[in-house]
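J.: Numbering follows this note's numbering, with no gaps: position 183 of the sequence shown is 168.
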Amino acid sequence: MECEKADEVVAEPVSPIGQYFNSSILSISILAVLESEVPFDDSRAIPLLKDIFLPINPRFSSIMVVDKNGVKHWKSVEVKLKNHVYVPNFPVGMSQQFYDKCLQDYLSKLSAEQMPQSQPLWEVHIVKYPTSNAASSVILKLHHALGDGFSLMGALLSCLQRADDPSRPLTFPSVRMRPDINGSSIFKNVPKFFNTVFNTASDFCWSMIKSSLIEDDKTPIRSGSAAAGWLPITITTMTFPLHQIKQIKDNLGAVKNVMMNIDNGVQLWCHSCMIPQLDPTIKFSSGDNCGLDPMVGSNCVNQESTNLHSTAVVLLNTRMFKSISSIKEMVKPDSKAPWGNHFAFLHISVPQLTNAEVQNPLKFIQKAQEIIQSKRSSFGAYLTAKLLETVKKLRGHETAAKFIHGSLNNSSLAITNMMGPVEKMALANHPIKGLYFMVAGSPQSLVVTIVTYMGNLRVSLGAEEGFIDSPKLKSCIENAFEMILDAASATPSSSNFLNGHRASFGP
-14 MECEKADEVV
-4 AEPVSPIGQY
6 FNSSILSISI
16 LAVLESEVPF
26 DDSRAIPLLK
36 DIFLPINPRF
46 SSIMVVDKNG
56 VKHWKSVEVK
66 LKNHVYVPNF
76 PVGMSQQFYD
86 KCLQDYLSKL
96 SAEQMPQSQP
106 LWEVHIVKYP
116 TSNAASSVIL
126 KLHHALGDGF
136 SLMGALLSCL
146 QRADDPSRPL
156 TFPSVRMRPD
166 INGSSIFKNV
176 PKFFNTVFNT
186 ASDFCWSMIK
196 SSLIEDDKTP
206 IRSGSAAAGW
216 LPITITTMTF
226 PLHQIKQIKD
236 NLGAVKNVMM
246 NIDNGVQLWC
256 HSCMIPQLDP
266 TIKFSSGDNC
276 GLDPMVGSNC
286 VNQESTNLHS
296 TAVVLLNTRM
306 FKSISSIKEM
316 VKPDSKAPWG
326 NHFAFLHISV
336 PQLTNAEVQN
346 PLKFIQKAQE
356 IIQSKRSSFG
366 AYLTAKLLET
376 VKKLRGHETA
386 AKFIHGSLNN
396 SSLAITNMMG
406 PVEKMALANH
416 PIKGLYFMVA
426 GSPQSLVVTI
436 VTYMGNLRVS
446 LGAEEGFIDS
456 PKLKSCIENA
466 FEMILDAASA
476 TPSSSNFLNG
486 HRASFGP
C-alpha cells in the first residue's frame, strides 16, 4: 500500500503490527455486520459518526504517512464523512432470499476492495433491504492497522447501548482462569516446567519453519493460489446455542470444543471432496451428508490419499484481561488492555483421521485435545511476537510483513474469536438482533471467525470464491456439531470421559 509522504513530523507512530497489515504484501481489514430488527434510518449515520464515532480515537480521523526516515506515522486530517458512508441500491420489491444473495455478493465485493490511503481507513455501508436475518444491515469496514478485534469491538460498542435500558452498561462474559488441578507439589511442577520448555521450543521452531519453508498440502480448503488475500471471499454464517456448547464442555471436558467442531467439520468436508469412491459403509447423520457424493467438488483437489497435512493459524489476544474493556480504560498509559494490535499467531495441526475415525467424534476429540493441551503449556506464540519486533527493527516493516504473510499463506485456515455482549444492543434506537464479523485480506482460502452475542455463538466462514462450496462446508460443520453434541449427551460427565481416555489426554 502506498502511503502519503509526510511534510511535517507527526506525533503518533504506527504500531509495528499496524505497519505489517498495511504494507505492499498485506492489506487486512475487518468487516463487522450489525443485523437490525427494524429498517435503519440512514439520515442518523452522519450525526452518529460525527458525535460518537470520531471522538473515540484519533486514528479514526487520521491517515498513515511516511516521514523522511521511512517511518510510518498517523497524521490528523479533516474527515469528509460523506466519503465514508455508502448506501447501495438493489432492485426493489424482491424476496428476502434475493436480498440474501445481494448482501452476500456485496460483502464479497467489499472483501476484495482496497480502501484509499488518502482518507481515514474506515467505511460504513448501510444495506436497507430485508434479508432472512434482518430488516436492514449496517456494515463497518475498518482497516486492521487501526487496531485488532478487541480494540475495534470496544470502539463499536461505544456507539451502541443496551436495548432494554440505555442508562445501564452492556455486560460481557468473563474469562475464568483455569484452576491448577495438579496442586502445587514441587514433584508435579518440575515435570510441568520441562514440558512447558519443550512445548515452547517446539512451537517456536515449528512456527519458523511454517513461515519460511514448509507449506500445507493443497486440499479442498487450500487452493495454494498466489493471489489468495486479494481475491473475493464468500461469507456464510451459522449459529450455535451457548448452552449446548457448555454441555459439550461439561460432559466431554473439551476446553476448545468450538475449534474441535470446526476442525471436525473441515475433516468431513475434505473427506467428501477427496474420497474418489465413498465407502458405502461410512454413514453420517441426517441431512445432505455434507455433499458426500463421489462426483462432488469439481474444484476440489484430486488426491488418492486423505492423509494430508493441514494447519490452522489461531490468533491469540496477548492482553491481560478478563473481558472487553471500555475505551477510557484502553487509552490509559498503564492499561492492561491497551488499544492497538496486541495478538500472536499459534499454529495448530488439524488432526489427521482415517475414514472410520472421521465418523467417530470421540476419536476426533481425543486427538484434538492432545494437540490443544500441549499448546496451553507453551509460550511459543509470545516468542514469535518478540521475533517479529526484532525483525522489524533490523530489516524494516516490509520484511516483517513478509514473515507474517508466510505464516498465513503456508497454512490452510485462520481462526479468530471475539466476545460480544450478553444483552441485546441498539444502534441509534435500532435494536440489533445479530452480529458477526470477518477478516478480509488474509492470504488463505478459508478464514473462520467466532463471536458470542445474547446467548448464542455466531460462526462465520470466509471462503475463497469459486474454490470452496460454502453451503456444503457449512453443512459439514453443522453436521459435526450434531455428532459431537450427540456424543456429549451420551456421556454422563467429563470425569468419566477423561478417566476412560487418560492415555490419550496425558497427565
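Backbone N, C-alpha and C fix where the C-beta goes; we use that ideal spot for every residue, glycine too.
Over the uninterrupted beta strand (DSSP E) stretch that includes methionine 49, give me the two end residues.
T.: Unbroken beta strand (DSSP E) run through methionine 49: 47 to 51.
J.: From the DSSP secondary-structure annotation, give me the bridge partner or partners of glutamine 146.
T.: According to DSSP, glutamine 146 bridges with Ala411.
J.: Does DSSP put threonine 224 in a helix, a strand or coil?
T.: The answer is strand: DSSP assigns threonine 224 an E or B state.
J.: For the region 132 to 152 and the region 381 to 398, state whether three or more C-beta atom pairs, one from each stretch, are separated by less than 8 Å.
T.: Segments in contact, no.
J.: Assign proline 261 to one of three DSSP states: helix, strand, or coil.
T.: Interpretation of proline 261 is limited by its pLDDT of 37, a score under 50 that renders its predicted location unreliable; no figure is taken from the coordinates.
J.: Going by DSSP in three states, tryptophan 59 sits in which element: helix, strand or coil?
T.: The answer is strand: DSSP assigns tryptophan 59 an E or B state.
J.: Give the secondary structure of alanine 120 by DSSP, where H, G and I count as helix, E and B as strand, and everything else as coil.
T.: Reduced to three states, the DSSP call for alanine 120 is coil.
J.: What number of angstroms, rounded off, separates the C-alpha of proline 336 from the C-alpha of threonine 204?
T.: Answer to the nearest angstrom: the Cα atoms are 14 Å apart.
J.: Among Glu200, Glu22, Gly405, Tyr438, whose alpha-carbon lies nearest the alpha-carbon of alanine 119?
T.: It is Glu22 whose Cα lies nearest to the Cα of alanine 119.
J.: For threonine 384, report the span of its beta strand (DSSP E) as first-last.
T.: Looking at the DSSP string, threonine 384 is not in any beta strand (DSSP E); the run it does join, the alpha helix (DSSP H), is 382 to 394.
J.: Assuming the contact rule is C-beta atoms closer than 8 Å, glutamate 449 and isoleucine 218 should be a hit. Round their C-beta distance to whole Å, please.
T.: Right, their Cβ atoms sit about 6 Å apart.
J.: Go through its chain and collect everything with a Cβ distance to glycine 440's Cβ below 8 Å, but skip five positions before and after it.
T.: So the qualifying residues of the chain are Pro226, Leu227, His228, Val407.
J.: Could you pull the start and end residues of the alpha helix (DSSP H) that asparagine 464 belongs to?
T.: Unbroken alpha helix (DSSP H) run through asparagine 464: 455 to 474.
J.: Please check if any C-beta of chain D sits within less than 9 Å of the C-beta of leucine 66.
T.: Among the chains in the structure shown there is no chain D, since it carries only a single protein chain.
J.: Give me the residue from Ser80, Pro1, Met404, His294 with the minimum Cα distance to arginine 207.
T.: Of the listed residues, the one whose Cα sits closest to arginine 207 is His294.
J.: Go ahead and pull the three-state DSSP assignment for tyrosine 91.
T.: Residue state, collapsed to three classes: helix.
J.: Count the other C-beta atoms from every protein chain shown that fall within 10 angstroms of the C-beta of methionine 162, then say buried if there are 16 or more, exposed otherwise.
T.: The predicted position of methionine 162 is uncertain, since its pLDDT is 48 and thus under 50; a value taken from the coordinates is nonetheless stated next. Exposed, by the Cβ-count rule.
J.: Quick check on the burial criterion: 16 or more other C-beta atoms within 10 angstroms. Buried or exposed for glycine 426?
T.: Classification of glycine 426: buried, given that the 10 Å Cβ count is 16 or more.
J.: Return the chain-ordered list of same chain residues with a C-beta closer than 6 Å to the C-beta of alanine 475, the five sequence neighbours on each side being excluded.
T.: Closer than 6 Å at the Cβ level, and outside the excluded window around alanine 475, lies no residue.
J.: Measuring only the C-alpha atoms, how far is asparagine 68 from leucine 141?
T.: Computed Cα separation, rounded: 19 Å.
J.: Cutting at 7 Å between CB atoms, please list the residues of its own chain near valine 56, excluding the five before and the five after it.
T.: Counting only Cβ-Cβ distances below 7 Å, and skipping sequence neighbours, we find Pro(-2).
J.: Which one or two residues does DSSP pair with lysine 126 in a beta bridge?
T.: In the DSSP output, where bridge partners are listed per residue, lysine 126 has Leu16, Glu108.
J.: To which residues of the same chain is methionine 223 closer than 7 Å at the C-beta, ignoring the five residues directly before and after it?
T.: Contacts found: Val444, Lys459, Ile462, Glu463.
J.: To the nearest angstrom, how far is the alpha carbon of lysine 378 from that of glutamine 99?
T.: The straight-line gap from Cα to Cα measures roughly 27 Å.
J.: Taking DSSP's pairing of strands, which residues face proline 416 in a bridge?
T.: Proline 416 pairs with Ala411.
J.: Does the Cβ of arginine 29 lie closer than 8 Å to at least one heavy atom of the ligand ATP?
T.: Absence of the ligand ATP is noted for the structure shown, with no ligands found whatsoever.
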